[in-house]
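In this text, residue positions in the sequence shown follow UniProt numbering: the first is 1, and each later residue adds one. Quick reminder that beta carbons are idealized off the backbone N, C-alpha and C, glycines included. Report on one structure; see the data block that follows.
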Amino acid sequence: ATSSLPGCCSPSPALSSQDASSCCTFHARSLPAAALLRVVLPLPALEAYMTAVTQDEWKKKLESPSREIIILHNPKLMVHYHPAATSDEWGSTPTEQGRPRTVKRGVENIAAEIPNGEPLQIDHLVFVVHGIGPACDIRFRSIVQCVNDFRSVSLSMLQAHFKRAQEQQHIGRVEFLPVNWHSSLHSTGVDVDLERITLPSINRLRHFINDTILDVFFYNSSTYCQTIVDTVASEMNRLYQLFLQRNPLFKGGVSIAGHSLGSLILFDLLTNQKAAPEEDEHKEGARTAASNRGVEDVKEMLKELELWEYWEVFEKEKMDGQALFLCTEANLKEMGIPLGPRMKILHYISSKRETQVCVRMACVHRDDGRNCQYRDIGLGQVSANYPQLNYKPSIFFAFGSPIGMFLTVRGVKRINPNYSLPTCKGFFNIFHPFDPVAYRIEPMIVPDVEFEPMLLPHHKGRKRMHLELKEGLTRMSVDLKNNLLGSLRVAWQSFTRAPLPALEAASTEGEAEAETSTEKQPGGYWEEPPPAVKEEVSPINVGRLNGGNRIDYVLQEKPIESFNEYLFALQGHLCYWESEDTVLLVLKEIYQTQGITLDQPLPGSQ
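Below, the structure written as C-alpha cells:
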C-alpha cells in the first residue's frame, strides 16, 4: 500500500468531485479513487486533491500532522515524502531516509513491460490428467499450478516457433485444462479407514505413502478403479460441455494428456471407447466375411457329426460359429435338439475349445496354429465399467508413462501392429531418459528389432552441447580403434609376405604402397562409416498405434543431469510441466493436424 503505484488513470478535470471518486483504474483493476487515495493521503489531503481536480489547480504542497509531505504535481503525478528521520531513545539516527513514494496515473511512462495477455482465439483444447498424489512436481504444487506453467510455456513457444502463423492470424493458442481425480478418490472415506490401521511410527512417511503410492494400488482395485475412471471421464465431459458453453464459437479439436498414472488411466479409457458407426464402415466387409465363415463352420460341424437334418433349426436361430461356442445344453434343448445330438454337439464344442485356447484368451493373431502371438490390449485390465467420452480425442500424449510396464504385468507381451485406439488416431509416449517410472511402447510392437527412441530436438534447434561432445568422442574412439586395427593388419601382412630379391626392392615398395592405398579405399576401416550409422536411417514400422509414425520420444537431459543419473531421477519424472521441448512437440503435432507447421523445422524432428 505504501509502494509506488503505477497504472492509475486520473479523472478528467471537468468531472465533479462525485465523478472523480467514482472510478479509477489501478493496475488494470477498477477501484474507487477515494479508497486509493486514502492509502497515501489523510482526509484533509484527500479533500485538497479533490479541489485540485475540480478546479484544475496543481503544484500544491500539503503537509500532514505527522510531518509527511505530499506534492500534487499534476493529475498524473503525486509524490509522498516521509518525515525527516529522528533519533531514537538511544540517540542513534538512521543514516538513510526512505525513497519518496509516487502515485502515477496512466501507462505512457511506465518502464515495466506489461504483457499482452493470452490470445482470445482458441484453436485446440487439451485435458491434462495428473498422476499419483496431490502434488505434481518437485515443489509440491497442484495440477492446476503445473498446468498453468505448461500453458505459459506453450504461449512462449508459440511466439518463438509459430510467429509467422500468429502474424497472419492463422492461429491463436492451445488451451490446457487440468483434470483432478485424487481429491474425489480420497473423499470416499478411504483415508479414515487407512488412518485407523496405519502404525504411529514414522508418521510423515506413512502419510506420504497413503496419499501417493497407494493410488497405484487403488487403481488396481475394482472398487476404487471404478471411482477413478468415473471421475476422470465425468470431469472431462463436464469441462468439455462447460468450455463449449463459454466458447460457443470454438470449432477446434480435443486432445488428452496424462502424466504418470494418469496416462495409464487415459489409455485404459481409450482402449474401451466404442468407435462411431461411420468409422466402422470399412470393417463391415471383414465382419461379413467372418460371419460367413462362422456359418460355414456350423455347416461343417453338422456334416461331420452327421446331423445335417438340424441345419434348418440352426439357420432359423441365426447360429454362427461364435454363437455355437457360447451354447449350453439348455440352449440346445430350447432349440428342440434331442438328447443324443445334444451330447454330440456339446462334446464337439468342448474338444474345439481345448484346441483354441488362444481364442478364449482374446488372441487376435497367431504365429502358427498353436501359439498365440498377440493378445487383446485390454487383457488383464481391472474389471470396471469404463465410461464413454463425449468427444473423439485427436491425440493422446503420455508423459513419463508406465503403460508399457502395466501391459507387460497384465500379460500382454506383444501389441498387434494393426491395433489402434478406437477413437484416437495419435499416441505419443514422451519421457525423460532418467525417469524411473517411464517405459517404452515400441519394443512391444517390434520386439525383434533393437532401435533407439526418437530424440526430441532442443527447442532452440540443436542438440545440447554435452550430447554432441559425447557423440563426437564416441565417433573418435571408433575411428582410432579402426585405424589401429587397420595398421596392425597391414603390419601382419608385411611380416607374413614371402621375401623378395634385393633387385626388386624398389618395385616391391611401389607395389606395397599400391596395396596399402587399395586397402585404404572405401573397403578400408577408417574411411567407411560404421554400418550401424547407415542402418539407423532405414524407416521402422511401428504399427498403427500412432498412424504409422514413431511413438517413443526421449528428451535430452541437461548437462548437470548427466553427471549423476540417480540424483536427478525424481526430477526426471517431474520435469515435463516446464519442459520447452515437450511443449513444443505437443504444439507441433496439434497444429500439424490443421496444416500449420513450424516457422523453421527443427533438425532431427520427424
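| query | In whole angstroms, what is the alpha-carbon distance linking Tyr566 and Ser351? | reply | Here residue 566 corresponds to residue number 566 of the sequence shown, with the count starting at 1. Here residue 351 corresponds to residue number 351 of the sequence shown, with the count starting at 1. The straight-line gap from Cα to Cα measures roughly 54 Å.
| said: Quick check: the Cα distance between Phe314 and Ile228, rounded to an integer number of angstroms? | reply: Here residue 314 corresponds to residue number 314 of the sequence shown, with the count starting at 1. Here residue 228 corresponds to residue number 228 of the sequence shown, with the count starting at 1. Straight across, the Cα-Cα distance linking Phe314 with Ile228 is about 44 Å.
| query | Buried or exposed: Leu270, going by 16 or more other Cβ atoms within 10 Å of its Cβ? | reply | One-based indexing of the sequence shown puts residue 270 at position 270. Taking all protein chains shown into account, Leu270 has 16 or more neighbouring C-beta atoms within 10 Å of its C-beta and is therefore buried.
| request: Since I believe Ala398 is in contact with Ile430 (beta carbons under 8 Å), could you give me their beta-carbon distance rounded to a whole number of angstroms? | output: Position 430 of the sequence shown, counted from the first residue, corresponds to residue 430. Position 398 of the sequence shown, counted from the first residue, corresponds to residue 398. That pair is a contact at about 7 Å.
| query | Thinking C-alpha only, which one of Lys303, Val53, His207 and His82 is nearest Pro65? | reply | Here residue 65 refers to the residue found at position 65 of the sequence shown. Considering only alpha carbons, the answer is His82.
| task | Using 10 angstroms around the beta-carbon of His458, count the other beta-carbons present and answer buried if the total reaches 16, otherwise exposed. | result | Counting from one through the sequence shown, the residue named residue 458 turns up at place 458. Burial of His458 is indicated by the presence of at least 16 other C-beta atoms within 10 angstroms of its C-beta.
| field | Segment contact flag, the segment 123-139 with the segment 569-576, C-beta cutoff 8 Å, min 3 pairs | value | The answer is yes - the segment 569-576 touches the segment 123-139, with three or more Cβ pairs under 8 Å.
| message | Less than 7 Å between the C-beta atoms of Gly543 and Pro417, yes or no? | response | Within the sequence shown, numbered from 1, the residue matching residue 543 stands at position 543. Within the sequence shown, numbered from 1, the residue matching residue 417 stands at position 417. At the C-beta level, Gly543 and Pro417 come within 7 Å of one another.
| query | Do Glu235 and Val179 have their C-beta atoms closer together than 7 Å? | reply | On the sequence shown, residue 235 is found 235 positions in, with the first residue counted as 1. On the sequence shown, residue 179 is found 179 positions in, with the first residue counted as 1. Contact flag set, yes.
| said: Whole angstroms are fine: how far does the CA of Lys76 sit from the CA of Phe267? | reply: The residue given as residue 267 occupies position 267 in the sequence shown. The residue given as residue 76 occupies position 76 in the sequence shown. Taking the straight line joining both Cα atoms gives about 58 Å.
| Can you round the beta-carbon distance between Leu555 and Ile403 to whole angstroms, since I take them to be within the 8 Å contact cut? | Position 555 of the sequence shown, counted from the first residue, corresponds to residue 555. Position 403 of the sequence shown, counted from the first residue, corresponds to residue 403. Incorrect: roughly 17 Å between the Cβ atoms, too far for contact.
| said: Quick check: Glu175 and Leu239, are their CB atoms within less than 7 Å of each other? | reply: Here residue 175 refers to the residue found at position 175 of the sequence shown. Here residue 239 refers to the residue found at position 239 of the sequence shown. No, the pair does not count as a contact, with Cβ atoms beyond the cut-off.
| request: Please list, in chain order, all residues of the same chain as Arg164 whose beta carbon is under 8 Å from its beta carbon, the five residues on each side excluded. | output: Along the sequence shown, read from residue 1 onward, the residue named residue 164 stands at position 164. For Arg164, where only same-chain residues beyond five positions count, the Cβ hits under 8 Å are Asp599.
| request: Starting from Phe428, trace the beta strand (DSSP E) both ways and give me its first and last residue. | output: Within the sequence shown, the letter at position 428 stands for residue 428. Start and end: Gly426 to Phe431.
| request: Determine the DSSP secondary structure at Leu488, reduced to helix, strand or coil. | output: Here residue 488 is taken as the residue at index 488 of the sequence shown, counted from 1. Of the three classes helix, strand and coil, the one that applies to Leu488 here is helix, per DSSP.
| query | Within 10 angstroms of its Cβ, does Phe454 collect 16 or more other Cβ (buried), or is it exposed? | reply | For this step, residue 454 is matched to residue 454 along the sequence shown. It is worth fixing the name first, because residue 454 is Met in this sequence and not Phe. Under this definition Met454 is a buried residue.
| request: Could you tell me the distance, in whole angstroms, from the CA atom of Arg204 to the CA atom of Asn272? | output: Counted from its first residue, the sequence shown places residue 204 at position 204. Counted from its first residue, the sequence shown places residue 272 at position 272. Taking the CA atoms as reference points, Arg204 sits about 38 Å from Asn272.
| query | Do you know offhand how far Gln592's Cα is from Leu585's? | reply | The residue you call residue 592 lines up with position 592 of the sequence shown. The residue you call residue 585 lines up with position 585 of the sequence shown. Their backbone Cα atoms lie some 10 Å apart in a straight line.
| Skipping 5 residues on each side, what residues in its chain have a beta carbon closer than 8 Å to that of Asn541? | Taking the first residue of the sequence shown as 1, we reach residue 541 at position 541. Residues of the same chain with a CB within less than 8 Å of the CB of Asn541, apart from the 5 flanking positions on each side, are Pro417, Val446 and Gly548 in chain order.
| Expressed to the nearest angstrom, what Euclidean distance is found between the alpha-carbon atoms of Pro393 and Gly426? | As a first step, residue 393 must be located in the sequence shown, where it is residue number 393. As a first step, residue 426 must be located in the sequence shown, where it is residue number 426. The alpha-carbon separation between Pro393 and Gly426 amounts to approximately 9 Å.
| message | Please give the ranges of any alpha helix (DSSP H) in the segment 535-580, keeping only runs that are unbroken, at least 4 residues long and fully inside the region. | response | Counting only runs of 4 or more, we get 569-573.
| From which residue to which residue does the beta strand (DSSP E) around Ala233 run? | Counted from its first residue, the sequence shown places residue 233 at position 233. That residue, Ala233, is in no beta strand (DSSP E); its alpha helix (DSSP H) goes Ser222 to Arg246.
| query | Nearest to Glu345 by CA position, among Gln381, Lys316 and Leu307, is which residue? | reply | For the purposes of this step, residue 345 is taken as residue 345 along the sequence shown, with counting starting at 1. Checking the sequence shown, residue 345 turns out to be Ile, not Glu. Taking only the C-alpha atoms, the option nearest Ile345 is Leu307.
| field | Cut-off 8 Å between Cβ atoms - residues of its own chain near Val192, not counting five sequence neighbours on either side | value | Taking the sequence shown and counting its residues from 1, one reaches residue 192 at position 192. In its chain, beyond the 5 residues on either side, no residue has a beta carbon closer than 8 Å to the beta carbon of Val192.
| query | Tell me the DSSP bridge mates of Pro178? | reply | Within the sequence shown, the letter at position 178 stands for residue 178. Paired residues: Val128.
| message | Beta-carbon within less than 6 Å of Gly380's beta-carbon, same chain only, minus the 5 sequence neighbours each way: which residues are those? | response | The residue given as residue 380 occupies position 380 in the sequence shown. Here Gly380 has Arg410 and Gly411 as same chain residues with Cβ atoms under 6 Å from its own Cβ, once five neighbours each way along the sequence are excluded.
| task | Take Lys534 and list the residues in its own chain whose beta-carbon comes closer than 8 Å to its own, dropping the five residues that flank it on each side. | result | As a position in the sequence shown, residue 534 is number 534, starting the count at 1. Interpretation of Lys534 is limited by its pLDDT of 41, a score under 50 that renders its predicted location unreliable; the figure taken from the coordinates is listed afterwards. Excluding sequence positions up to five before and after Lys534, its CB lies less than 8 Å from no other CB in the same chain.
| task | Excluding the 5 residues preceding and the 5 following Phe150 in the sequence, name in chain order all residues of the same chain whose CB lies nearer than 6 Å to its CB. | result | Position 150 of the sequence shown holds residue 150. For Phe150, where only same-chain residues beyond five positions count, the Cβ hits under 6 Å are Phe176 and Trp577.
| query | If you follow the beta strand (DSSP E) that Leu214 is part of, which residue opens it and which one closes it? | reply | Residue mapping note: residue 214 aligns to position 214 of the sequence shown, counting from 1. Careful: Leu214 lies outside any beta strand (DSSP E), inside the alpha helix (DSSP H) at Leu214 to Tyr219.
| query | In the DSSP assignment, what are the bridge partners of Leu389? | reply | Your numbering for residue 389 matches position 389 in the sequence shown. Looking at the DSSP output, Leu389 bridges to nothing.
| Alpha-carbon to alpha-carbon, Leu158 and Arg440 | As a first step, residue 440 is located in the sequence shown; it is residue number 440 there, counting from the start. As a first step, residue 158 is located in the sequence shown; it is residue number 158 there, counting from the start. The alpha-carbon atoms of Arg440 and Leu158 are separated by roughly 29 Å.
| task | Compare the Cα-Cα distances from Leu242 to each of Met343, Asp230, Tyr348 and Phe127 and report the closest residue. | result | On the sequence shown, position 242 is the one that residue 242 refers to. Closest in alpha carbon position to Leu242, among Met343, Asp230, Tyr348 and Phe127, is Phe127.
| Which of the three DSSP states, helix, strand or coil, is assigned to Lys163? | As a working mapping, residue 163 is identified with position 163 in the sequence shown. Here Lys163 sits in helix by DSSP.
| query | How would you call Gln521, buried or exposed, if buried means at least 16 neighbouring beta carbons within 10 angstroms? | reply | Translated into positions along the sequence shown, residue 521 becomes position 521. Model confidence at Gln521 stands at a pLDDT of 48, short of 50, so the residue's coordinates are unreliable; what they give is reported in the following sentence. Gln521 is exposed by the Cβ-count criterion.
| field | Nearest neighbour of Ser183, chosen from Leu155, Ser156 and Ile143 [CA to CA] | value | What you label residue 183 is simply residue 183 of the sequence shown in a count that begins at 1. Of Leu155, Ser156 and Ile143, the residue nearest in Cα terms is Ile143.
| query | In whole angstroms, what separates the C-alpha of Lys104 from that of Val79? | reply | Counted from its first residue, the sequence shown places residue 104 at position 104. Counted from its first residue, the sequence shown places residue 79 at position 79. Cα to Cα, the separation comes out at about 9 Å.
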